[in-house]
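S.K.: Just passing along the structure, written as C-alpha cells.
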Amino acid sequence: MSLKFSAKLATLIGKTAPEEIYSYKPGRLLRIGPWFLFATFFGYGISFADWSLSTSFKLYKEKEELGNDNQDHDVPWYASDRLSFFGRITASVLLSSIPFALCISALYFPSRVVTKIRYIPGMKPQCQLTRNALFGGDVTYVAPLKSIRRGPRTRVYTGVGEQGVDDKSTFAFLLTDVTKPFLQRQFIVNRTGNFWRNDGRIIDSLFSDDSVADLQSREVKPATVIKKDSSILDNMIIQSGKRTKLHGIKSKDIVMKKS
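Position one of the sequence shown corresponds to residue 35 (my numbering), numbered consecutively onward.
Encoded structure:
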C-alpha cells in the first residue's frame, strides 16, 4: 500500500471502461454443501410432520372413543378433546415449519454470495454485482452506485491482513440495494476474496459515506477521528466525467478538421 489511497481511488474513477474491484471463487463446499443441508432438513421435516400429525390424529380418536363411553360427564369447553386436538395440530405445523424454513435458508444464503463486483464509470457511476445462482451459473445485476450501500456499522477495512480486511469476528459483510425488496436486496461479500489493488478501503469508499480523508488516515493514524464526508468522492466522479466529455469533444474536432 505504498501508493496513497486517494491516488488509487482517482485512478479507478478515471477509468473509461468497467473495472473489476472484487472477485471471489467459491469452494466446492459452498456449491455442494447447501444441497446436502437442504436434503437433510427436508427429510427431517417430512418425517417429523408425519409423526406429529399421525400421533395427534391417533390421540384424538382414542379420546373420542373414551368420550363416547363417558357421555354423562360434562366437560368444560377449554378441556374438550376437539380443542386439544386443534392445539396439537397447530403445534405440529409450527414445529414442522422450522426444518422447512432451514431448507430454504440453506439454498438462499449461498445464492446471495457475490463472486464479482465491477465499477462502471460515468457521470452517474454504476455497480455490477455477480452472484451464484441456485442451479449453477451466475446471475449478474447492475444498479446505480448510490443504491448499493454497506452497513453503517460495518467496516470492510480493518487494517489487518494483506488486504487490510481480516476480521476475527466476521468472515463476510453485507452490501444492500436499498431500492429492492428485503429478500432481493442483500448481497454477501466474503472477506477472503480479492480486492482491487489489495486494498479493502475501495469498498468502504464506494459503498458508504466514509470520506477519502478518513480512509486514507487509517493507514497512518488509525485512532484519528475525522468527520464523514463523501463530497471528495463525488467531486472526483464529476471531474472524471468532465475530462471524459472534454476528451470526446476534442477528438471530434480533430476528426472534423482532418475531413
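Note that CB positions come from ideal geometry on N, CA and C, so glycine has one too. Bear in mind the structure is a predicted one, so any value in this text is a computation, not a measurement.
1. State the DSSP-derived secondary structure class of Ser-245, mapped to helix, strand or coil.
2. For the alpha helix (DSSP H) that Phe-216 lies in, which residues bound it at each end?
3. How about the region 186-197 and the region 224-236: do they share at least three Cβ pairs that are nearer than 8 Å?
4. So if DSSP puts Gln-160 in a beta bridge, which residue, or which two residues, is it bridged to?
5. Should Asp-200 be flagged as near chain B, meaning a C-beta pair shorter than 8 Å?
6. For the alpha helix (DSSP H) containing Asp-40, list its first residue and its last residue.
7. For a test of the three-state rule: what should DSSP assign to Glu-294, helix, strand or coil?
8. Can Leu-46 and Glu-53 be called in contact, C-beta distance under 8 Å?
9. Would you report the Cα separation of Ala-247 and Leu-267, rounded to the nearest angstrom?
10. Please state whether DSSP places Lys-255 in a helix, a strand or coil.
11. In whole angstroms, give me the CA-to-CA distance for Pro-186 and Phe-207.
12. What's the C-alpha gap between Ser-126 and Ile-80?
13. Using a Cβ-Cβ cutoff of less than 7 Å, which residues in the same chain neighbour Pro-178 once the five nearest sequence positions on both sides are dropped?
14. By the DSSP assignment, the alpha helix (DSSP H) with Asp-238 in it spans what residues?
15. Just curious, the beta strand (DSSP E) that Ser-57 is in, first and last residue?
16. Rounded to whole angstroms, how far is the Cβ of Arg-165 from the Cβ of Val-212, which I believe are closer than 8 Å?
17. By DSSP, does Asp-201 sit in helix, in strand, or in coil?
18. How far does the beta strand (DSSP E) with Leu-209 in it extend, from its first residue to its last?
19. Sorted by chain position, which residues of the same chain lie with C-beta nearer than 6 Å to Asn-269's C-beta, five sequence neighbours on each side aside?
20. Report all residues from its chain with a CB closer than 7 Å to the CB of Ser-90; omit the five preceding and five following residues, and keep chain order.
21. When the distance is taken between beta carbons, is Val-199 closer than 8 Å to Arg-225?
22. Only counting the same chain, and skipping five residues up and downstream in sequence, which positions put a Cβ closer than 6 Å to that of Pro-155?
23. Based on Cα-Cα distance, which residue from Val-176, Val-147 and Arg-152 lies nearest to Leu-168?
24. Give me the Cα-Cα distance between Val-259 and Ile-151, rounded to the nearest whole angstrom.
25. What number of angstroms, rounded off, separates the C-alpha of Leu-163 from the C-alpha of Arg-65?
M.R.: Per the coordinate set shown:
1. Locating residue 245 in the sequence shown gives position 211, where the first residue counts as 1. Collapsing the DSSP output to three states places Ser-245 in coil.
2. For the purposes of this step, residue 216 is taken as residue 182 along the sequence shown, with counting starting at 1. Its alpha helix (DSSP H) spans residues 216-219.
3. Contact between the region 186-197 and the region 224-236 is present, because at least three Cβ pairs lie under 8 Å.
4. Your numbering for residue 160 matches position 126 in the sequence shown. The partner list for Gln-160 (beta bridge, DSSP) reads Ile-154 and Pro-178.
5. In the structure shown, chain B does not exist; there is a single protein chain.
6. Within the sequence shown, the letter at position 6 stands for residue 40. Checking the sequence, you will find Ser at residue 40 rather than Asp. Element bounds for Ser-40: 39-47.
7. Limits of the chain in this structure are 35 at one end and 293 at the other, which puts residue 294 out of reach.
8. Within the sequence shown, numbered from 1, the residue matching residue 46 stands at position 12. Within the sequence shown, numbered from 1, the residue matching residue 53 stands at position 19. Taking 8 Å as the Cβ cut-off, Leu-46 and Glu-53 qualify as a contacting pair.
9. Counted from its first residue, the sequence shown places residue 247 at position 213. Counted from its first residue, the sequence shown places residue 267 at position 233. Approximately 10 Å between the Cα atoms of the pair.
10. Against the sequence shown, residue 255 aligns to sequence position 221. Model confidence at Lys-255 stands at a pLDDT of 40, short of 50, so the residue's coordinates are unreliable; what they give is reported in the following sentence. Here DSSP, grouped into helix, strand and coil, assigns Lys-255 to coil.
11. If you number the sequence shown from 1, residue 186 lands on position 152. If you number the sequence shown from 1, residue 207 lands on position 173. Separation of Pro-186 and Phe-207 (C-alpha to C-alpha, rounded to the nearest whole angstrom) is 11 Å.
12. Position 92 of the sequence shown, counted from the first residue, corresponds to residue 126. Position 46 of the sequence shown, counted from the first residue, corresponds to residue 80. Taken atom to atom, the span from the alpha-carbon of Ser-126 to that of Ile-80 is near 11 Å.
13. Against the sequence shown, residue 178 aligns to sequence position 144. By the criterion of a C-beta distance shorter than 7 Å, Pro-178 is surrounded in its chain by Lys-158 and Gln-160, once the five residues flanking it on both sides are discounted.
14. What you label residue 238 is simply residue 204 of the sequence shown in a count that begins at 1. Counting along the chain, the alpha helix (DSSP H) containing Asp-238 begins and ends at 235-240.
15. Sequence index remark: in the sequence shown, residue 57 carries index 23 (1-based). Boundaries of the beta strand (DSSP E) harbouring Ser-57: 53-57, taken from the DSSP string.
16. By one-based count along the sequence shown, residue 165 stands at place 131. By one-based count along the sequence shown, residue 212 stands at place 178. Going by Cβ atoms, the distance from Arg-165 to Val-212 rounds to 17 Å, so no, they are not a contact pair.
17. For the purposes of this step, residue 201 is taken as the residue at position 167 of the sequence shown. The three-state secondary structure of Asp-201, taken from DSSP, is coil.
18. Against the sequence shown, residue 209 aligns to sequence position 175. Start and end: 206-211.
19. Walking along the sequence shown from the start, residue 269 turns up at place 235. In the same chain as Asn-269, and ignoring 5 residues on each side of it, no C-beta atom comes closer than 6 Å to its own.
20. Counted from its first residue, the sequence shown places residue 90 at position 56. So the qualifying residues of the chain are Phe-119, Arg-122, Ile-123 and Ser-126.
21. The count along the sequence shown starts at 1 and reaches residue 225 at position 191. The count along the sequence shown starts at 1 and reaches residue 199 at position 165. Between Arg-225 and Val-199, the CB-CB gap stays under 8 Å.
22. The residue labelled residue 155 in the question sits at position 121 within the sequence shown. Setting aside the 5 residues that flank it on each side, Pro-155 is surrounded in the same chain by Lys-49, each with a C-beta closer than 6 Å to its C-beta; the list follows chain order.
23. Taking the first residue of the sequence shown as 1, we reach residue 168 at position 134. Checked all of Val-176, Val-147 and Arg-152; the closest Cα to Leu-168 is Val-147.
24. Numbered from its first residue, the sequence shown carries residue 259 at position 225. Numbered from its first residue, the sequence shown carries residue 151 at position 117. With a pLDDT of 44 at Val-259, under the threshold of 50, the modelled position of that residue is not reliable, and no figure is offered here.
25. Translated into positions along the sequence shown, residue 163 becomes position 129. Translated into positions along the sequence shown, residue 65 becomes position 31. Approximately 18 Å, taken between the alpha carbons.
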